[in-house]
Amino acid sequence: MNEANRKRPLSLDLGPCHGCMGCVEMCPEIVGWDDETERPYLKRQEATEEEIRDAMACCPKDCFEFTDE
Ligand code: SF4
């Protein structure tokens, strides 16, 4: 299997997040938006690199991380 297509455990650290919504726009299948907290949330706890790559690249605060690294 291609490494980029392997599902990996993902975490979203909201500590540094400033709610720019970039990740939601880039990867709406993985990242949702909580209107009450005005912060993103993970729709599922694992993703392939391909699925989350654009959100990771656009996040100015490096909030996304694979936890198996
Ligand atoms: S791109 Fe990063 S800083 Fe912006 S809302 Fe998403 S997690 Fe927060």
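Numbering (this note's numbering), first residue to last: 2 to 70. Beta carbons are placed, not taken as given, at the ideal position from N, Cα and C, and that holds for glycine.
Grouping DSSP H, G and I as helix and E and B as strand, with all else coil, what is Asp55?
helix
Could you name the residues of the same chain whose beta carbon sits closer than 7 Å to that of Gln46, not counting the 5 residues immediately before and after it, in chain order?
-> Pro10 and Leu11
Q) From Pro15 to Arg54, what distance separates their C-alpha atoms? A) Pro is not the amino acid found at residue 15; the sequence shown has Leu there. Roughly 18 Å separates the two Cα atoms.
>> Please tell me whether, using a cut-off of 7 Å, the distance from the CB of Cys64 to the nearest non-hydrogen atom of the ligand SF4 is below it.
In response: Taking 7 Å as the cut-off, the C-beta of Cys64 counts as close to a heavy atom of the ligand SF4.
Beta-carbon within less than 7 Å of Met27's beta-carbon, same chain only, minus the 5 sequence neighbours each way: which residues are those? Asp55, Ala56 and Cys59
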